[in-house]
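This report concerns only the one structure given below.
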């Protein structure tokens, strides 16, 4: 039995479609219902939706043998797992954005709003800049608009939301995409089947 | 025998006693030490610790003390180098660490061995053999594997961006290594295109149990040669880890010796027992 953790939401749907194209189908998984666990007895596989931030937790603790997570979440949580493949979907970037008229005063502590405090801290530590991190759970664009923060560190896909709020990217931190991760111990004992899944997912 | 007189031992305690018997049979002698060290000792040696978090307290003389986060450092500190002679110890101790993902200190049980002296291939094979026998004792009938690699080779080839490259190595992240322009030699070791003869030879002793896998390489400050990690099916973390650690030895003032050892983390055993 292979247990697979998929991230709820848009990225998860994209990733699931890769599984489906590769021949790993879970009936009813894309239906709009509250079911969370889907099993395919023929494949001897089980798939479940979890919050994107929790995918590495399920995998690290071995409840899931493999999982799919955005690189943003792996950078933020640094889980002790294998990152076996770049699934080449869900491309976006981690970026620093600010109001269009923002001028950085380097003599001040920079106020940074983000959902990714570790990524923000590592980035600014590498630049030797002292920052004040404000951890938020969404609607980041509001923070600089209302003056809660000077900049935000967030995922940028097309930049439309930023533009609509008179914000723009001032620096890119990392390229992001969906990654396939595996529990280290599970991979030792299910290596053949996990490698086969990766091969099929990446050949499309 | 012990079970018959109903000591109500927990499975991990029985496992520890079995391991102690095994190490004794191989000529290792029991080493017992204090659970406390002066805090300064760890502040000096923090490169060799996997954790920066140390539980401290003040003793009756006002000296800042630490509850030991690691056993090997203490053994190396307390014994004396005897040039030309081999010293073999095993221990069964508690250590105090914040496990990954935990938010406070925990007391963890660790059993392990240390070999200090001239290491030849015969000694190395004996230590690997003991690691595998330990896994067998702990496995409770489940499958187990031992990943082996050579930390010295990674240290030799790694030139730039060490932290990011080491992270990709432990995560088997080949695409990440390519993005970082990691040296070709490292990528070939990771993908198995290049398999060092020395490791190939070790693998022949237990071909079904030993994997040559460079993701086992961690902490180049500590390890400099053969490095290994044991896994048991159903236990999400590695349960055994060890290797050759001359770097640590030399930083503690040893001049002539080499050292190799491993530790078994008994607290992970629960998954196997249930």
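Protein chains in written order, with our numbering: chain U, 18 to 221; chain Y, 1066 to 1339. We put the CB at the ideal spot given by N, CA and C, even for glycine.
Classify residue i as buried or exposed, calling it buried when 16 or more other Cβ atoms lie within 10 Å of its own Cβ.
i               : result
residue 1260(Y) : exposed
residue 1080(Y) : buried
residue 27(U)   : exposed
residue 1273(Y) : exposed
residue 50(U)   : exposed
residue 1383(Y) : With chain Y running from 1066 to 1339 in the structure shown, residue 1383(Y) is simply not present.
residue 156(U)  : exposed
residue 1090(Y) : exposed
residue 203(U)  : buried
residue 200(U)  : buried
residue 1309(Y) : buried
residue 1074(Y) : exposed
residue 166(U)  : buried
residue 33(U)   : buried
residue 1288(Y) : buried
residue 143(U)  : exposed
residue 1270(Y) : exposed
residue 1150(Y) : exposed
residue 103(U)  : buried
residue 94(U)   : buried
If I measure Cβ to Cβ from residue i and keep anything under 8 Å in the same chain, skipping five residues before and after, which residues do I get?
i               : result
residue 123(U)  : 146
residue 1123(Y) : 1129, 1130
residue 1177(Y) : 1136, 1137, 1155, 1156, 1307, 1326, 1327, 1328, 1329
residue 190(U)  : 110, 111, 112, 113, 136, 140, 170
residue 69(U)   : 24, 25, 26, 28, 29, 86, 87, 90
residue 131(U)  : 137, 150, 151, 152, 153, 157, 169, 170, 171
residue 1140(Y) : 1096, 1098, 1154, 1156, 1179
What residues match up with residue i in a beta bridge as DSSP calls it?
i               : result
residue 1175(Y) : 1158(Y), 1330(Y)
residue 1084(Y) : Residue 1084(Y) pairs with nothing; no bridge assigned.
residue 1291(Y) : 1215(Y)
residue 24(U)   : 67(U)
residue 1296(Y) : 1210(Y)
residue 10(U)   : The structure shown does not extend to residue 10(U), since chain U is modelled only from 18 to 221, so the question has no answer here.
residue 1309(Y) : 1325(Y)
residue 199(U)  : 83(U), 99(U)
residue 1202(Y) : None; residue 1202(Y) has no bridge partner.
residue 19(U)   : 62(U)
Using three-state DSSP, classify residue i as helix, strand or coil.
i               : result
residue 1279(Y) : helix
residue 31(U)   : helix
residue 56(U)   : strand
residue 1196(Y) : helix
residue 179(U)  : helix
residue 45(U)   : coil
residue 14(U)   : Nothing can be reported for residue 14(U): it is not among the residues displayed for chain U, which extend from 18 to 221.
residue 1182(Y) : strand
residue 62(U)   : strand
residue 1260(Y) : coil
residue 1303(Y) : coil
residue 1245(Y) : coil
residue 204(U)  : helix
residue 1285(Y) : coil
residue 1163(Y) : coil
residue 1228(Y) : helix
residue 1188(Y) : helix
residue 1317(Y) : coil
residue 1272(Y) : coil
residue 39(U)   : coil
residue 214(U)  : helix
residue 1223(Y) : coil
residue 1266(Y) : helix
residue 1237(Y) : coil
Leaving out five residues before and five after residue i in sequence, what residues of the same chain have Cβ atoms less than 6 Å from its Cβ?
i               : result
residue 1233(Y) : 1241, 1242
residue 1316(Y) : none
residue 1294(Y) : 1212, 1281, 1303, 1306
residue 55(U)   : 43, 46, 64
residue 152(U)  : 134
Short of 7 Å in beta carbon distance, which residues of its chain neighbour residue i, apart from the five on each side in sequence? Order them along the chain.
i               : result
residue 1152(Y) : 1144, 1181, 1182
residue 105(U)  : 194
residue 1147(Y) : none
residue 1297(Y) : 1200, 1203, 1204, 1207, 1209, 1304, 1337
residue 192(U)  : 110
With a threshold of 9 Å between beta-carbons, can residue i be considered close to chain C, or not?
i              : result
residue 100(U) : Looking for chain C here will not work: the only protein chains present are U and Y.
As an exercise, report each continuous beta strand (DSSP E) stretch of at least 3 residues that is fully enclosed by the stretch 1073 to 1157 of chain Y, in chain order. 1101 to 1103, 1120 to 1123, 1129 to 1132
Can you give, in chain order, each stretch of the alpha helix (DSSP H) that sits fully within the stretch 76 to 107 of chain U and has at least 4 residues? 88 to 94
Which full runs of the beta strand (DSSP E) of 3+ residues lie inside the stretch 99 to 176 of chain U, going along the chain? 99 to 103, 109 to 116, 127 to 131, 148 to 152, 168 to 173
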